[in-house]
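Colleague: Take the sequence shown: its letter number 3 is residue -1 in the numbering used here, and every next letter is one higher.
Positions of the beta carbon are idealized from the N, C-alpha and C atoms, including for glycine.
Every value quoted in this text rests on a predicted model; they were computed, and no experiment measured them.
The structure that follows is given in the form of structure tokens.
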Amino acid sequence: MIPKDPVMLLSFINLKLRDYYTSLEALCDDMDIDRREIEDKLSSMDYHYDKEKNQFV
């Protein structure tokens, strides 16, 4: 359902956050995705969720 590749995942998640969801929590709840899995994969590329920007930066 979500991309396995970290770079594609970053693009996918940030697009969804920008266009459809007000928070990472809302995205994960709606799409039934494990938040920890997303954060772990993206942190491996040194990207972290910024709640104020509602994006991984």
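1. Any idea what DSSP makes of Asp46, helix, strand or coil?
2. By a C-beta neighbour count over all protein chains shown, 10 Å radius and 16 as the cutoff for buried, is Tyr16 buried or exposed?
3. Is it right to say Leu11 is buried, meaning 16 or more other beta carbons lie within 10 angstroms of its own, or is it exposed?
4. In the DSSP output, what is Phe52 paired with across the bridge?
Modeller: Looking at the atomic coordinates:
1. Look at Asp46 here: in three-state DSSP terms it is strand.
2. Result: exposed.
3. Residue environment for Leu11: exposed (fewer than 16 other C-beta atoms within 10 angstroms of its C-beta).
4. For Phe52, which the question treats as bridged, DSSP gives the partners Tyr45.
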